[in-house]
Structure formats: structure tokens, C-alpha cells
Amino acid sequence: MFSELWEKGRSVAGEPTSEDEILELADAMYDRRIDAGALERLEELLANDLACLQAYVERMNLHGDLRRRTIESAPLTQANSVMDRALSAGAARERLRSRWWMAAVTACSLCFLGTMGWMIFLKTSLPPEVGVIAGLTTDITTGDQVLDLGQVVRLNEVFTVSKGVASFQFPSVMVNLIGPAQVRLSGPGQLELLAGTVHAQVRHGGEGFTVRTPDSVVVDLGTEFSVNYIPEGNTEVHVRRGRVQASLLDRNGAAIKRLDLTAERAATFSAEARASREVGFTAEPFEKIDSTRGTITTIDGMLRTLNEPPTSLNFGALQTRNHGLVIPEQQQVVLKQALEVTGSRGPVRLPAGSRISSYLVHYEPDNLATAAPRGGVTFDGRIAAVLVNHEALSETDQMFGLHGLDYGQGHSRGLESIEDQVQISDDRSTASFYFVVAGEKDVDQVRILVLSQE
Amino acid sequence: MKAKLTSLDRAPSDIDDPARQAEFLRRLAADYNEVYAAGLVIVGNRSDADDVIQEVCVVLWQKYAGAQPILNFRKWACTVAFHVAKNHVRKQRRWALGLSDYAMSRIEQVQSGGSELFELRRELLDSCIEKLSERDQRFLDQCYRGSHSFTDLARLQRTSVETIYTRLKRVRKRLADCVQRTLGKGS
């Protein structure tokens, strides 16, 4: 500030002498108008010019004398007054210092208690639970994130799947995250799709489940649908069954257009282009989920699913070490005539017209297997029969097995050891397994026939 | 001395001795102008100088009460004032502009060596002020009393701050020239 004024003055009055300059700088210093540039110049003159140094000190003495003249006339009165003020200020400072220490100690204590309280609060008040991880394929890849079956998932958690499929069970809703994809659990009954594809199966009671992307909001009205979002691209919604309400959003997230999509219809949404249009339905994401999970609702323990159907279950072709595999086979097979099979508890008669979905549980430990896998699988349907012996499995491969899958010949498939166990829950929706690791390695397989709800 | 001096940080033996207090005050009053000047030349402005002089007085009393008899009070008091003022500037430099240690050291040397000359100039200043017009004397008093900032002063006089500075600069120059001229005549 002062250096600008000084420059301005100099340009008008011409080049000042060093003495004029130092006096102006001294005045600016005394009047508290000096800025960094002027102070630098003052320092320079004081350091290099004795006459300037002398002039500066004289000028400061002049200021001091003028100042003292305005306060008191007698030096003794001045000294007395200053001493009074100084000692009062000193005593006040002492009191202030003591109060400050007390305040500081109190503040530290409160801060410590607050921090402890906050830590306890954080420990004890986690975000609310919104669901559990109900299934993971064997090829699941998540980067740094650890996903485990049965793991409780909470509000606002973000899940990233690079490869494979992670299944989340929410109340009346099953969501499959098909890698590569990323979601955030933004609220009860809703999630935000940040990238990739999710598949949702919504049962009665789960209506209103919502998937949001930057382009669209998809509200389920009781159905099975998939949403694919490509960041910086668009969002595609495919409906396999039932109906969804899908809204196009603008850049601010406000709905600007709404579409009702019914079974086997699809639409694409782009917030950037502020456009939505219907496109051809594709069953691909649904078939992928069918082959991975079928109507499985939850899997727990040491059981996994496969991302792709296997090609061979011959001895040695698909070893599973410390976990068992649940492989969805043919789905929604309608029996043209009654069928009698041998279940774990004896013969079971399946009447004509029954709609059956089949699942094979496969366990073939390798030489490094150390733990006997335990686990359970729950279906969206009633378990009609569990086939556990070699003959019953072979007899039903043709009817319920996957076409093109080599189930193998010449090796024992069923549960041969008396220690292998299968339990069915009272409501017949869950089958639990315990496979032993026997000295002589073999293949343990179980076929589960589930009556479909439809 | 209106207020009774009390112990602050230390409790020297003579701190409550009324005779010692009276002696200290008398000696401080005798050299008060020099002590104030020692603080001001280092800190460079009125408000900091006023703060520093209070602290200097406290330190002086603490040291005086517990010390051996001080032979050269002025020299001793000014040394303390320089020390306190330099520490004040060093603290202030963390968030405000202030002179370097080197500049402060050179200023201290000049101030210490010219105390008699400055005393003489001080005496001449009184007569120079009397030569100013009453209006200028009143203006000078307003500027140095510190009860109004320059901005307030400009508002009161219905003028600009720059006009205040310009007028003050002119009055200061007249006083400085007067002192210098009188000093030259005398010598």
C-alpha cells in the first residue's frame, strides 16, 4: 500500500534523496502503513546507509516525543500511570494465565472424553443393516474388498466386483451384481448402480425396489429385471417378467420422462442426450443368472456357484478342494407324467404337471483338501426330493441334467460314506450338507429337485 | 504510586518495600523518555510501543527490587527496553511485518550512542511546537493522542485519509526542520 503511494509520489516529485525516502518510510512505519515492499526498502537503507540509519532513529525519537506530549505532562505521572497499568495488566495476565490453564485442562479432558465417546459411538452405531451376501461364484474377484457368504451389508456400503457374480439378499429382493460392476447400497430397498450390470429378482413384498443410475431411476413393480449402466454412456433396462417403471433423468437428477416396461421389453436412457427409447429385449443377463443361481435365494457356508456352466464332471475334471459347488441344471421342467425317484428318505412320487428346477451339488476334493465343507442352500420354492445315491443320479441326468455336460461314467457319484449328511429344513426350502474328506478320494454329488412357485 | 506493587513472577526480597518502590519510580520517571524511545525505535509504531513500555516497566521493577544497587539506571533500563522490544518484534513477525534482527541491532547502537543528542532535540521540540499555529498544534495532538484512527479523523474532518496524511507530513517536516535549524544555530 505505502510502496504504491510512495512510487506515485516519486513519479510526480522526481527522484527523492535517501533522507527524504527514509523519513517517509519511518513515518509509514510509525503510522502502520508500511507494506512488505516498503519494509524491504527500509531494511536496505538501514543496513547500507549510516545517514539514513541516523535519520530513522531521529525521526522515531521525534514521534516518541510527540506521542508522550499528548499523554501526560510530567514524566513521574507517566511512569506512575504506566506502572499501575502494567502491574494491573500483569496481575490480570496472571489470573488469565491461571484461568487459561484451567480451561485448557478442562478442554483437553472434554476433548478426550468426546473422542472416546465418539469412538464408542462409531463402534456401537454402525449404519443399519440392509441385507446379506447370499452367493458368490468361484471366480469372484473384488480387488481389495473382502466378500464372504453371509456377510452383513450395510447402508451406503459400496461393492465392486471385477469378475464373477456376487448375490445380495435384501428383504424379498435378490440382487446379483455381475462383474465388472459397482454398486452403492443407498437405502433400504434401493441401490445406486455406479457401473456395470445388476440383475434383480423381486418377490411379493419387495415391490418398490429401486435401482438408480445417473441416467435413470428404475422402480420395480414385482418382477425380474436387469439394469446396465455404462459411465459417460447410457443406461439399459431389460424386463424379463412383470413390470417396472423407468424414468429418464436430467443432469440434475430430476425425472423428465417416464416409461412403463412390461415383460420382455427393454429401453435405453441417456441423461446427456435427454432421450429414452425402447430397444430389443435380450435374455443374456438373465440366462447368465439362471446358469449361476437359478432360483437359489441364499447360499451359506462352504458352498459356491460357478459363473459359467461346467463342461465335465468326470473324475478329476472339476476339483473343488475345500468347498462344494451348487450347479443349476434344467429349470422349470414340466413333468408330462408322474415320476418316482429315490430320495434321501426313500421313494418320492412327483405328480404329472409338476414344474421342477434341478440343482446338482458337487464336491470333489483334491489331494490338498483339508477341511470338510459344510453349507446350506435355500431355494425360492419347495424341495421335492434330494437324490443322494449313484443310481438315482444317473437315472435323472437325462431328464434334469444340463445338456452337453459330461457327468462321467465308471466312478461313484453319490454320498457313499455314512458320514456324509444331508438335512432338509422343516419348510423344505433349505438343504444343508456336510461332506467328509475320506482317505480314498471320490466324487460326492447330490441332486436337489425343487418345485417351482409358478 | 497509587497502586501497591505486587509480586508477579518472582518474589524478590525488596518487592514490598515502600521506600524501594518510591526510589524505583523516581529513577524511572527521570529516564522515562529515554526508556520509551528505546522501545519505540525498535518496534517502530505507537501501539506496540505502548504495549512494550508496560512490559518493560514490570520487568524493570522485578529486576530492580531483587538486584544489587543499579548505578547507571538509564543505561540499564534502556538495555532492558531494547531486549523486551526486540523479543516483541520477533513474536510479532510470525503474523505481521517487523524489522530484522540486524536492523534492530543497528538501531539500538545508534539510539544508545546518541541519547544526549536526542535529549537535546527533545528540549528544542517543545519550542518548535509552540511556533506552530494553534490549529496545527490541535491537529498534531489529535494525530498523536491515538484516541481516533486516521480514518475516524478524516471522517470527523470531512476529508480523505490521504489529506490527513499529507497534512501530517507537512507538520512533521516543519517540526523536524525547526529542530534541525535550531540545533544548527545552537551549535
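Order-wise, the sequence lines are chains A and B. At the far end of the first sequence sits residue 762, using our numbering, and the numbering has no gaps. At the far end of the second sequence sits residue 1462, using our numbering, and the numbering has no gaps. Glycine is no exception: its CB is placed at the ideal position from the N, C-alpha and C atoms.
- Between the beta-carbon of residue 1308 (chain B) and that of residue 338 (chain A) there is about 17 Å, and that puts the pair past the 8 Å contact cut.
- Taking the CA atoms as reference points, residue 672 (chain A) sits about 31 Å from residue 642 (chain A).
- At a cut-off of 9 Å between beta carbons, residue 342 (chain A) contacts chain B.
- The three-state reading of DSSP puts residue 720 (chain A) in coil, since its state is none of H, G, I, E or B.
- Taking C-alpha positions only, residue 1449 (chain B) is separated from residue 377 (chain A) by approximately 17 Å.
- Closer than 9 Å to the CB of residue 1411 (chain B) there is not a single CB belonging to chain A.
- Here residue 1327 (chain B) is near residue 1360 (chain B), since their CB atoms are less than 9 Å apart.
- Residue 326 (chain A) counts as exposed, since fewer than 16 other C-beta atoms from the protein chains shown sit within 10 angstroms of its C-beta.
- Residues of chain A with a Cβ closer than 9 Å to the Cβ of residue 1377 (chain B) are, in chain order, 351, 354 and 355.
- In the three-state reduction of the DSSP assignment, residue 1293 (chain B) falls in the helix class.
- Within its own chain, the residues whose Cβ lies closer than 7 Å to the Cβ of residue 559 (chain A), once the five positions on either side in sequence are excluded, are 579, listed in chain order.
- Counting the other CB atoms within 10 Å of its CB gives residue 542 (chain A) a total of 16 or more, which places it among the buried residues.
- Distances from the CA of residue 582 (chain A) to each of A:566, A:597 and A:532 were compared; the closest alpha carbon is that of A:566.
- A straight line joining the alpha-carbon of residue 574 (chain A) with that of residue 590 (chain A) spans about 8 Å.
- Sequence-distant partners of residue 757 (chain A) (beyond 5 residues in either direction) whose C-beta falls short of 6 Å from its own C-beta, in its chain, are 664, 666, 692 and 693.
- One finds nothing in chain B with a Cβ atom closer than 7 Å to the Cβ of residue 345 (chain A); even the nearest lies about 10 Å away.
- The beta-carbon of residue 331 (chain A) is placed less than 9 Å from the nearest beta-carbon of chain B.
- Check the Cα spacing between residue 686 (chain A) and each of A:425, A:353, A:442 and A:365: the tightest is with A:442.
- For residue 559 (chain A), there is no enclosing beta strand (DSSP E), as DSSP marks it with neither H nor E.
- Of all C-beta pairs linking the stretch 1296-1305 of chain B to the stretch 696-707 of chain A, fewer than three are shorter than 8 Å, placing the two stretches out of contact.
- Taking a Cβ-Cβ cut-off of 8 Å, the neighbours of residue 1381 (chain B) in chain A comprise 354, 355 and 361, given in sequence order.
- Secondary structure note for residue 648 (chain A): its beta strand (DSSP E) is the uninterrupted segment 647-651.
- The beta carbon of residue 1350 (chain B) does not come within 9 Å of any beta carbon belonging to chain A, so the residue lies off that interface.
- Look at residue 497 (chain A): its C-beta is not under 9 Å from any C-beta on chain B.
- For residue 365 (chain A), the three-state secondary structure derived from DSSP is helix.
- In this model, residue 373 (chain A) and residue 425 (chain A) are separated by some 60 Å (Cα to Cα).
- Assigned with DSSP and collapsed to three states, residue 715 (chain A) falls in coil, not helix or strand.
- Taking all protein chains shown into account, residue 538 (chain A) has fewer than 16 neighbouring C-beta atoms within 10 Å of its C-beta and is therefore exposed.
- Those residues of the stretch 363-375 of chain A placed with their C-beta closer than 9 Å to a C-beta in chain B are 364, 365, 366, 367, 368, 369, 370, 371, 372, 373, 374 and 375, ordered along the chain.
- For residue 536 (chain A), no alpha helix (DSSP H) encloses it; the enclosing beta strand (DSSP E) starts and ends at 532-537.
- Judged by their CB atoms, residue 463 (chain A) and residue 474 (chain A) are not nearer to each other than the 9 Å cut-off.
- Rounded to whole angstroms, the separation of the alpha carbons of residue 1303 (chain B) and residue 388 (chain A) is 9 Å.
- For residue 546 (chain A), the enclosing beta strand (DSSP E) starts and ends at 543-549.
- Note that the C-beta distance between residue 1386 (chain B) and residue 369 (chain A) is below 9 Å.
- For residue 709 (chain A), the secondary structure class from DSSP, reduced to helix, strand or coil, is coil.
- Judged by their CB atoms, residue 1381 (chain B) and residue 354 (chain A) are nearer to each other than the 9 Å cut-off.
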